[in-house]
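Report on one structure; see the data block that follows.
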Amino acid sequence: MADLEKEVAQQSLQERATTSKDGTSSEELEFDYTEEEEAIVRRKIDWHTVPLVTLLYMLCFLDRINIGNARIQGLAKDLDMVQGVKFNWALSIFYIIYLLVEVPSNILLKAIGARFYLPLLVCGFGLVSLCTAFVKDFTGLMVARAFLGIFEGGAMPGMAFFLSCFYKRNELLFRIGIYVSAASIAGAFGGLLAAALSQIPSWGAAGAEIHTWRNIFFFEGLITVIIGLLAPIWMPTDPSTAYFLTERERKIAAERLLREHRSDPARKVTWKDVKDAVFCIHNYTCALAFFLINITVQGLSVFLPTILNDLGWTNTQAQLYSVPPYVCACVVAIAVAWLSDKSGQRGVWLGSFACLAVVGFALLRWAENTNIRYMAVFFVTVGAFPGGPGFLSWAMNNSAGPSVRAVTSAYVVTLGTIGGIVATWTYIYWDGPKYHTGHTINLVGQIVTACCALFGVLYCARENRVRAAGKRDHRLEGLTEEEAEELGSRHPRFRYWT
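The sequence shown: position 184 = 313 (the numbering used here), numbered continuously.
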């Protein structure tokens with residue numbers, strides 16, 4: 130927590146600790162608990178929220194990217210999409226709809242509640258995936274992908290909001306890193322499942338036979354729907370009503386968040402909050418990097434099976450060879466999130482791993498040996514996947530106040546989604562099997578990402594030095610105490626994470 134927010138919290142706690150007119154003691158006015166008790170509550174919350182959200186997001190990402198696995202199992206041939214850009218349009222329509230429904234979906238989430246709304250989204254995109262097994266032509270696939278975007282558009286921001294209802298600021302980032310790492314887990318499971326499901330013999334009624342690529346959509350969608358229906362049983366509503374906590378533990382869970390958000394987390398977002406987020410230089414740095422990271426991550430998630438297939442491996446081999454890079458990416462992404470939180474540093478970690486992705490794309494662009502090119506895929510996934518949650522967290526760290534952080538997170542994620550649209554056009558069929566254009570685009574993107582990390586470190590470090598020297602104190606002149614607090618991250622005592 131920044132110095133300014135610490136002072137506000139301490140002042141508020143002191144005010145609550147005063148004795149009331151009728152002689153009520155501070156112990157009665159303020160609910161007390163020990164650090165050990167808080168740690169026990171946090172562990173219980175961890176076990177009942179993070180694994181579930183990670184599983185649901187893994188299913189979300191799996192149903193999003195299984196079209197890439199299905200493509201090399203016969204989808205492109207059966208729906209007449211081998212040549213041309215029909216496949217790229219089928220990918221783009223998903224992200225276009227996805228982008229449009231993010232904000233409206235979160236409004237519904239607040240009205241309905243996460244316990245039932247998030248599982249509803251899961252059942253929705255699972256059902257759409259299941260129904261995709263029955264599409265007969267390109268038009269049907271476009272309709273299915275559009276509906277998939279409607280249900281998945283609210284999943285990632287909704288799950289992030291759900292976790293934010295249970296965790297303090299310095300606890301949230303590592304948990305987000307874990308659940309976002311489900312994207313790489315989905316990539317690994319996607320390859321394994323696709324290889325297995327595509328081997329199931331043809332079955333179904335006449336005129337609606339399910340085989341090869343259709344098995345992938347049908348069974349992955351069915352699994353998603355079943356888990357979505359069961360999710361409300363395990364998913365809590367909020368800290369104050371969590372079924373797995375005792376009455377005292379519920380009070381602790383609610384009170385610790387109340388103390389964390391002294392600037393009234395329930396306050397509505399104002400135009401000033403929007404202005405503070407949109408006109409923050411550091412937010413643009415993180416948003417640009419997140420946009421570039423998303424081009425790589427979303428592009429690889431869909432096109433990796435095709436890239437590996439074009440290296441000369443069979444369809445099944447390509448599916449299986451896509452698993453190890455994703456497993457490594459998952460482990461590294463979680464490790465980087467943990468180390469970054471512990472060290473209090475963001476830019477150094479993000480810049481270093483972006484450089485690893487640069488090496489990977491350089492090898493993919495110019496190397497000829499198949500084994501070297503496959504090794505390069507590991508460099509790319511390990512280097513790029515930690516970037517998404519890392520840059521998003523960095524932007525949120527350097528935004529003061531819950532309202533500004535809410536706008537900041539939405540702003541960065543929205544620009545990242547635009548990167549997903551760009552990603553669908555980076556690998557075109559006529560550029561194969563080497564895909565020089567796609568690899569070059571991502572190579573340049575990762576170089577710029579590394580530069581963004583370096584710029585972010587230098588900018589934040591310089592601003593901290595300037596504030597420590599008192600060269601920003603003039604911002605306080607003529608302001609009341611309340612007006613000074615409204616400065617947020619522009620307050621002279623606020624310090625940026627580097």
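Note that beta-carbon positions come from the ideal geometry of N, C-alpha and C, so glycine has one too.
Computed from a prediction, not measured in an experiment: that's the story for all the values here.
Proximity winner among the options, relative to residue i (alpha-carbon distances)
i	options	result
residue 484	252, 583 and 554	583
residue 233	245, 602 and 286	286
residue 462	220, 510, 196 and 178	510
residue 385	627, 162 and 413	162
residue 314	370, 252 and 451	451
residue 403	508, 419, 538 and 219	538
residue 628	487, 523, 456 and 409	In the structure as shown, the chain starts at 130 and stops at 627, and residue 628 therefore has no counterpart that could be examined.
residue 496	316, 434, 540 and 563	563
residue 216	295, 226, 500 and 204	204
residue 613	529, 218 and 320	529
residue 555	446, 344 and 424	424
residue 242	199, 288, 266 and 212	288
residue 437	278, 410, 498 and 383	498
residue 598	615, 575 and 623	623
residue 517	503, 501, 465 and 182	465
residue 295	381, 399 and 605	381
residue 316	627, 428 and 558	428
residue 533	619, 590 and 196	619
residue 388	625, 167 and 226	167
Length of the line joining the Cα atoms of residue i and residue j
i	j	result
residue 458	residue 489	13 Å
residue 475	residue 548	21 Å
residue 473	residue 621	20 Å
residue 306	residue 334	44 Å
residue 207	residue 426	27 Å
residue 246	residue 237	8 Å
residue 328	residue 375	49 Å
residue 230	residue 254	14 Å
residue 544	residue 311	21 Å
residue 347	residue 357	15 Å
residue 581	residue 235	29 Å
residue 415	residue 365	32 Å
residue 293	residue 214	40 Å
residue 503	residue 560	18 Å
residue 526	residue 179	20 Å
residue 256	residue 160	46 Å
residue 263	residue 575	39 Å
residue 524	residue 536	11 Å
residue 361	residue 602	51 Å
residue 340	residue 260	14 Å
residue 278	residue 249	14 Å
residue 611	residue 196	53 Å
residue 265	residue 338	11 Å
residue 445	residue 350	21 Å
Three-state class that DSSP yields for residue i in the structure shown
i	result
residue 400	helix
residue 332	strand
residue 308	helix
residue 360	helix
residue 518	helix
residue 206	helix
residue 286	helix
residue 317	helix
residue 365	coil
residue 380	helix
residue 540	helix
residue 527	coil
residue 558	helix
residue 608	coil
residue 375	coil
residue 214	coil
residue 615	coil
residue 353	helix
residue 294	coil
residue 264	coil
residue 255	helix
Residue range of the alpha helix (DSSP H) that includes residue i
i	result
residue 340	Taken as a continuous stretch (DSSP letters only), residue 340 belongs to no alpha helix (DSSP H), as it is neither H nor E.
residue 191	164-199
residue 620	Looking at the DSSP string, residue 620 is not in any alpha helix (DSSP H), and its letter there is neither H nor E.
residue 572	565-597
residue 500	499-513
residue 281	267-281
residue 486	476-495
Beta carbon proximity, residue i to chain C, threshold 7 Å
i	result
residue 244	As a matter of chain content, chain C is missing from the structure shown, which is built from one protein chain.
If we require 4 or more residues per run, which alpha helix (DSSP H) segments fall completely within the segment 404-470? Secondary structure in the segment 404-470: the alpha helix (DSSP H) runs of 4 residues or longer, each lying completely within the stretch, are 410-438 and 444-450 in chain order.
Please go through the segment 224-249 and give each complete beta strand (DSSP E) segment of 3 or more residues, from N-terminal end onward. Correct list: empty.
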